[in-house]
Structures are given as structure tokens and as C-alpha cells.
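Numbering that gives the first Met the number 0 applies: residue 0 is where the sequence shown begins, and numbers increase by one.
A short write-up of the structure that comes next.
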Amino acid sequence: MLRLLSWLPLFVLTVLAADKPAAYSTERFDKDIAAIEAADNANPPPQHAVLLSGASTFRRWKTYAEDFKGYPVINRGFGSSKTTDVLGYMDRITLPYHPRVVLFHCGSNDLNYDKATAAEVAERVRTYWRRVKAENPDCVMILLSVTRAPSRRAIWDEMKKTDALFQQIAKTEKGVTFLDINPALNLPDGEPRLGVYASDNLHPNEKGYEGIIALVRPALATAWKETAPAFTK
0 MLRLLSWLPL FVLTVLAADK PAAYSTERFD KDIAAIEAAD NANPPPQHAV LLSGASTFRR
60 WKTYAEDFKG YPVINRGFGS SKTTDVLGYM DRITLPYHPR VVLFHCGSND LNYDKATAAE
120 VAERVRTYWR RVKAENPDCV MILLSVTRAP SRRAIWDEMK KTDALFQQIA KTEKGVTFLD
180 INPALNLPDG EPRLGVYASD NLHPNEKGYE GIIALVRPAL ATAWKETAPA FTK
């Protein structure tokens, strides 16, 4: 009996550790995040706004303020970030804003750089959402598809699997809506549209962003209206 009890503390610690969210490195973009925090301290962003959370497609969106005119908006896209990076920094540049609507766009870099699977990316996104929802029960999230850019044709199949799992997240997680933005950048047969990508064949150009916002604004209008009762008390 004593021998059995001696193993009990270790067992309990193991179970507790398994219940904790995975820890993610927060070193790669420390300087970028510190700069954001300094700007936030100097000029605090609004609470309960629309939060753009994700990677470089958001970071490079130079016209976002005009494109989202009529909404308070915070753009926190950074670097060529992966979902692990977004998770690692969310205590600093997601949760403090108590967003009303989150636009989330990330995952392509996980597939490309880390060779992550679609299932791994989807699980990280689910973890992100559950953390946001735990602190902001009335928040909703518009989960954008990964974009099948010409330069990443080699991983298109895994991208399609990722989007299919994103759709499952939207079906099973309350407050999540999936929005496919590929039609703004790709033809019905899946091939890239001409003139909507930057010279790197990865990020949208100005015309590409015009197509994306045309898809996003109706979804955002719906989300904003649905959350009005909770945020206009």
C-alpha cells in the first residue's frame, strides 16, 4: 500500500500537466511584440473591437483601417507567424483587448515551414479559440480559410484538409464561423486569379485585398449585429 501511495503524487502531477495547454515559444518575435505593447501603452487601443489576429497577410494589409471603416479595429497580424506564435503571444496581444469579433487567419506557415499536419493546425486554432472564449464569453470568431497561393502549390492538398477541419471547428465550437476567402484569389477550378497576388506569389496585392474585404464585410456585419445585445448593455 505504501509503495502504491508513493506513486500517487507523480500520477497526479502527470494528469495535471496533461490538462494544461501546451506551452509555446515566445522568443522569435519578441521585438515585434514589445513594439506593439509600447504602442498600446502610449495609445491604448479600444476594448471590444474587431481584432485581426494572425500572420503576415494581416500585417501587410495597409488599407485595413479604411476597408473596415465603421468598426473599431485592431490589427495584430505579425511577422510570418505560425499558430504556435499566435498562441505564444496571445496573453500579450489578444486577450488584453477583450475583442468583440476576432478575424483569425493563420496556419499556412505551419504547413509550409514546420510541415505540420492539418490536424495539428486545427487543434491549435481550437485551443486559441477556447482561450479567447473562456475570457470573453460573448466574443465570436470569423475563421478565415488558408489561402492557396501559387508559391505554395506543393501543400495545397494539406491546405484543403486544413480548411475542412476549420469547417468542423465552426460546426462544433459555439461562436465560430468559417469563411472561405479563396474565391477572392482563386478561380472556381482552384487556379490562382491573375493580378491579385503580390510579386512573391504568396500575399495578396491591393486588388487581392479588395476581393477579400468584399467577402469579409458581410460576415463581419452579421457578427457585429449578433453580438450587439451583449456589448451595448
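Beta carbons are placed, not taken as given, at the ideal position from N, Cα and C, and that holds for glycine.
Keep in mind that this is a model prediction, so the values were computed, not measured.
Boundaries (first-last residue) of the alpha helix (DSSP H) holding residue 32: Residues 29-41.
Whose C-beta lies closer than 6 angstroms to the C-beta of residue 212 among residues of the same chain, with five residues either side of it excluded? 66
Let me know the secondary structure DSSP gives residue 232 once reduced to three states. coil
Quick one, which of 153, 79, 61 and 28 has its alpha-carbon nearest residue 88's? For the residues 153, 79, 61 and 28, the minimum Cα distance to residue 88 belongs to 28.
In angstroms, rounded to a whole number, what distance separates the CA positions of residue 191 and residue 76? 23 angstroms
Who are residue 76's beta bridge partners in DSSP? Paired residue(s): 53.
Anyone know if the C-beta pair for residue 109 and residue 120 falls short of 7 angstroms? yes
Which residues share a DSSP beta bridge with residue 177? 142
Do residue 117 and residue 164 have their beta-carbon atoms positioned less than 7 angstroms apart in this structure? Judged by their CB atoms, residue 164 and residue 117 are nearer to each other than the 7 angstroms cut-off.
Backbone CA spacing between residue 44 and residue 96 [nearest angstrom]: 7 angstroms
DSSP beta-bridge partners for residue 191? 185
So, under 8 angstroms CB-CB, residue 142 and residue 124 are touching, yes? Tell me the CB distance rounded to an integer number of Å. 7 angstroms
Considering only residues of the same chain and omitting the five flanking positions on each side of residue 100, which have a CB-CB separation below 6 angstroms? 49, 139 and 222
Do you know how far the Cα of residue 55 is from the Cα of residue 71? 20 angstroms
Bridge-paired residues (DSSP) for residue 112: Beta-bridge partners assigned by DSSP to residue 112: none are found.
6 angstroms CB neighbourhood of residue 135 in its chain, flanking five on each side removed: Excluding positions up to five away in sequence, the list reads 97.
Buried or exposed (CB count within 10 angstroms, at least 16 for buried), residue 178: buried
With three or more beta-carbon pairs closer than 8 angstroms as the criterion, would you say the region 142-152 touches the region 171-186? Contact check between the region 142-152 and the region 171-186: three or more CB pairs, one atom from each, fall below 8 angstroms, which counts as touching.
Considering Cα atoms alone, identify which of 106, 166 and 172 is closest to residue 154. 106
7 angstroms Cβ cutoff met for residue 219 and residue 183: no
Find the nearest neighbour of residue 168 within the set 79, 128 and 57, judged by alpha-carbon distance. 128
Judging by CA-CA distance, which residue of 38, 74, 64 and 229 is the nearest neighbour of residue 58? 74
Which word fits residue 80, buried or exposed, when buried means at least 16 other C-beta atoms lie within 10 angstroms of its C-beta? buried
According to DSSP, is residue 88 helix, strand or coil? helix
Option in 93, 204 and 42 with minimal Cα separation from residue 133: When each option's Cα is compared against that of residue 133, the closest is 93.
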